[in-house]
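Here the sequence shown stands for residues 192 to 461, numbered as in my numbering.
For every residue, glycine included, the Cβ atom is placed at its ideal position computed from N, Cα and C.
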Amino acid sequence: MELDHFAKIIALCLSASIGLTFGILRSKIFSSKHTNYLHYFFIIFSVILFSASVYGLFEFWSELSEGVKNSDSEEYSANCFANFVLWTALFFSLILLYVTTKFLHFKNIHKTSELDPLVNNFTSNADRNEIKLFGGDLNFFGESPNDMNENIQYRYLRSREFNKVLILCESPNDITKKRRYGKILSDNRGSELRFYNPDNADLRVRGRIIQVNGANKLLIYKKIKSKTYQAIETDTADSDGALYNNIWDLVWSLATIPSPNEEQEYKSLF
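(1) What is the residue span of the beta strand (DSSP E) that Phe353 lies within?
(2) Flag this pair as yes or no: are the beta carbons of Cys360 and Leu376 separated by less than 7 Å?
(3) Name the residue from Thr367, Leu309, Arg319 whose alpha carbon lies nearest to the alpha carbon of Ser335.
(4) Report the three-state DSSP secondary structure of Tyr267 (helix, strand or coil).
(5) Please give me, in chain order, every unbroken run of the beta strand (DSSP E) with length at least 3 that falls completely inside the stretch 356–389.
(6) What does the alpha-carbon distance come out to for the pair Thr447 and Tyr387?
(7) Taking Lys458 as part of the alpha helix (DSSP H), name the residues at either end of that continuous run.
(8) How would you call Lys323, buried or exposed, if buried means at least 16 neighbouring beta carbons within 10 angstroms?
(9) So which of Pro451, Tyr435, Arg370, Ile234 has the shortest CA-CA distance to Leu287?
(10) Could you have a look at Glu462 and say whether DSSP puts it in helix, strand or coil?
(11) Is Ser284 closer than 7 Å to Leu240 when the C-beta atoms are compared?
(12) Mapping DSSP to helix, strand and coil, what is Trp278?
(13) Could you tell me whether the stretch 305–322 touches the stretch 397–413, where touching means 3 or more Cβ pairs closer than 8 Å?
(14) Assuming Leu329 contacts Tyr372 (C-beta within less than 8 Å), just tell me the rounded distance between them.
(15) Please state whether DSSP places Glu250 in a helix, a strand or coil.
(16) Could you check whether Gln421 and Ile300 sit closer than 7 Å to each other, using their CB atoms as the reference points?
(17) Mind checking whether Asp318 and Arg349 have CB atoms under 7 Å apart?
(18) Is the separation between the beta-carbon of Lys369 and that of Tyr457 shorter than 7 Å?
(19) Just verifying my parser: in three-state terms, what is the DSSP assignment at Asn407?
(20) What residue from Ala280, Gly381, Phe353, Glu454 has the CA that sits closest to Asn316's CA?
(21) Excluding the 5 residues preceding and the 5 following Leu460 in the sequence, name in chain order all residues of the same chain whose CB lies nearer than 6 Å to its CB.
(22) In this structure, does DSSP put Thr427 in helix, strand or coil?
(23) From the DSSP output, in three-state form, read off Gly333 for me.
(24) What residue from Gly327, Phe282, Arg351 has the CA that sits closest to Lys413's CA?
Shown next, in the form of structure tokens:
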């Protein structure tokens, strides 16, 4: 077997192994609900391929443009195969870089301005029967009723007109919180509040649980620093998603139910 033929067989096997490796990496990236850096393998490969293609075009430009001299006829013939390989490799290295950064880079650290469209987009996929909220003191909807009217998340939640809006939140200990709760109860039919004690049990996370075609989906986010949040979208097939879903159900079943008189007080203050 000649070296040229052997090299072509090895190149074919190498191409297959690279394809399989990146296929496995792609599956790993999509299966992970958390930030990972596996997509950098694709970026590095695309940069290497681009650099090699550019080098080949510059290094062998005369042969590519003028052709290869035929030793028998002393004439030049165009090297179509090499031209095709180099230009195609150059083109697809750019395509690989684009689709990697577009589709395989999962960002889960967001500024407040980035979190609003993320939350609303997640909510847009929900069935209309119910939505569950990890609420805290609900100040992410705004401090005052006027703030809430301008809040992007709150306005979109109202527009969806869920049959049930189930909210786990803190017991209101001042008039500002009571007004906020009163507005929510007044604006959203089917809304229900239950209170937990954050001093005893606070996961320090906020989020939503929705149903999409009957299956539970979760968006969990927590504050990292001022106006910066980490957000994870998951479902009950994932162990973390199943854990948060079970915790919500457990805390909801143990939480304090406000009396009708208390709810009426909140509404009257609003």
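On the basis of the supplied data:
(1) According to the DSSP assignment, Phe353 belongs to no beta strand (DSSP E), since it is labelled neither H nor E.
(2) Taking 7 Å as the Cβ cut-off, Cys360 and Leu376 do not qualify as a contacting pair.
(3) Closest by C-alpha distance to Ser335, out of Thr367, Leu309, Arg319, is Thr367.
(4) Legend: pLDDT at Tyr267 = 43, less than 50; position of this residue unreliable, no value from coordinates given.
(5) For the stretch 356–389, whole beta strand (DSSP E) runs of length 3 or above, ordered along the chain, are 382–387.
(6) Near 6 Å, if we compare the C-alpha coordinates of Tyr387 and Thr447.
(7) Bounds of the alpha helix (DSSP H) holding Lys458 are 451–460.
(8) So Lys323 ends up on the buried side.
(9) Nearest neighbour of Leu287 by Cα position, chosen from Pro451, Tyr435, Arg370, Ile234, turns out to be Ile234.
(10) No answer is possible for residue 462: it lies beyond the span of the chain, which begins at 192 and ends at 461.
(11) Taking C-beta atoms as the reference points, Leu240 and Ser284 count as a pair closer than 7 Å.
(12) Collapsing the DSSP output to three states places Trp278 in a helix.
(13) With a cut-off of 8 Å, the stretch 397–413 and the stretch 305–322 count as touching, because enough Cβ pairs lie within range.
(14) A Cβ-Cβ distance of about 7 Å is found for the pair Leu329 and Tyr372, placing them in contact under the 8 Å criterion.
(15) Three-state DSSP puts Glu250 in a helix.
(16) Yes. Within cutoff.
(17) Taking 7 Å as the cut-off, the Cβ atoms of Asp318 and Arg349 do not count as close.
(18) Yes, Cβ-Cβ distance for Lys369 and Tyr457 is below 7 Å.
(19) In the three-state reduction of the DSSP assignment, Asn407 falls in the strand class, which pools E and B.
(20) Selected option, being the one with the closest Cα: Phe353.
(21) Closer than 6 Å at the Cβ level, and outside the excluded window around Leu460, lie Lys369, Arg370, Gly373.
(22) Here Thr427 sits in coil by DSSP.
(23) Here Gly333 sits in coil by DSSP.
(24) Per the Cα distances, Gly327.
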